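Under our numbering, the residues of the sequence shown are numbered 719 to 835, in order. Virtual Cβ for every residue (Gly too), placed ideally from N, Cα, C. A quick note: this is a predicted structure, and the numbers were derived from the prediction, not measured. This report concerns only the one structure given below.
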Amino acid sequence: MSSASFEPDRSSTGIDPKVAGLLAYFLGFITGIIFLVVEKQSRFVKFHALQSIAVSALFIVINLVLGFIPVIGWLVGLILTPLGFILWIALMLLALQGKSFKLPYIGDWAEQQSYKF
Numbered sequence: 719m720s721s722a723s724f725e726p727d728r729s730s731t732g733i734d735p736k737v738a739g740l741l742a743y744f745l746g747f748i749t750g751i752i753f754l755v756v757e758k759q760s761r762f763v764k765f766h767a768l769q770s771i772a773v774s775a776l777f778i779v780i781n782l783v784l785g786f787i788p789v790i791g792w793l794v795g796l797i798l799t800p801l802g803f804i805l806w807i808a809l810m811l812l813a814l815q816g817k818s819f820k821l822p823y824i825g826d827w828a829e830q831q832s833y834k835f
């Protein structure tokens with residue numbers, strides 16, 4: 719886990735880029751998609767929007783798969799749910815602090831894609 723190489727730059731949304739980064743995580747992939755579509759210039763906001771979309775999609779897939787596994791899947795879900803909540807809060811707070819915190823694999827992907835959007 720590391721920080722991406724770009725600092726919060728001015729957002730085309732008119733919102734402080736740190737707040738926009740936080741809001742990109744707020745409703746998971748929903749706000750991630752909204753900020754990805756609306757943001758025209760800030761790579762910082764685009765990075766957080768893309769990472770939000772990817773993390774949300776990953777957790778949805780994991781929960782769906784675990785739902786098909788009797789007992790063990792339910793128990794693993796009981797552990798992953800609070801961990802996912804903690805990760806969600808941490809990512810929002812890091813974005814609010816102006817940090818481009820990269821999760822393993824997902825963060826690298828989000829950083830690469832933020833240059834393309």
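task = Indicate the three-state DSSP secondary structure (helix, strand or coil) for lysine 820 in the structure shown.
result = Here lysine 820 sits in strand by DSSP.
inquiry  = Considering just the uninterrupted stretch of the alpha helix (DSSP H) at glutamine 759, what are its terminal residues?
reply    = Glutamine 759 -> no alpha helix (DSSP H), and no H or E assigned at all.
task = Between the Cα of valine 737 and those of Leu811, Leu798, Ser774, spot the shortest distance and give me the residue it belongs to.
result = It is Leu811.
key: Unbroken alpha helix (DSSP H) run spanning tyrosine 743, endpoints   = Run containing tyrosine 743: 735–744, per the alpha helix (DSSP H) assignment.
Through-space distance from leucine 784 to aspartate 734, alpha-carbon basis = Whole-angstrom Cα-Cα distance: 38 Å.
Residue range of the unbroken alpha helix (DSSP H) whose run includes threonine 799 = Start and end: 790–814.
task = Would you kindly work out how many angstroms separate the C-alpha atoms of leucine 768 and aspartate 727, rounded to a whole number?
result = C-alpha separation (whole angstroms): 16 Å.
ask   = Is the beta carbon of glycine 746 less than 9 Å from the beta carbon of valine 773?
value = For glycine 746 and valine 773, yes; Cβs fall inside 9 Å.
inquiry  = Could you tell me the alpha carbon to alpha carbon distance between phenylalanine 803 and glutamine 759, rounded to whole angstroms?
reply    = Distance from the CA of phenylalanine 803 to the CA of glutamine 759, rounded to the nearest whole angstrom, comes to 29 Å.
query = Would you call the CB atoms of phenylalanine 753 and serine 818 closer than 9 Å?
reply = Not closer than 9 Å, so no.
request  = Would you kindly work out how many angstroms separate the C-alpha atoms of valine 789 and proline 822, rounded to a whole number?
outcome  = Cα to Cα, the separation comes out at about 29 Å.
message = Excluding the 5 residues flanking alanine 813 on each side, which residues of the same chain have their C-beta closer than 6 Å to its C-beta?
response = For alanine 813, where only same-chain residues beyond five positions count, the Cβ hits under 6 Å are Gly739, Leu740, His766.
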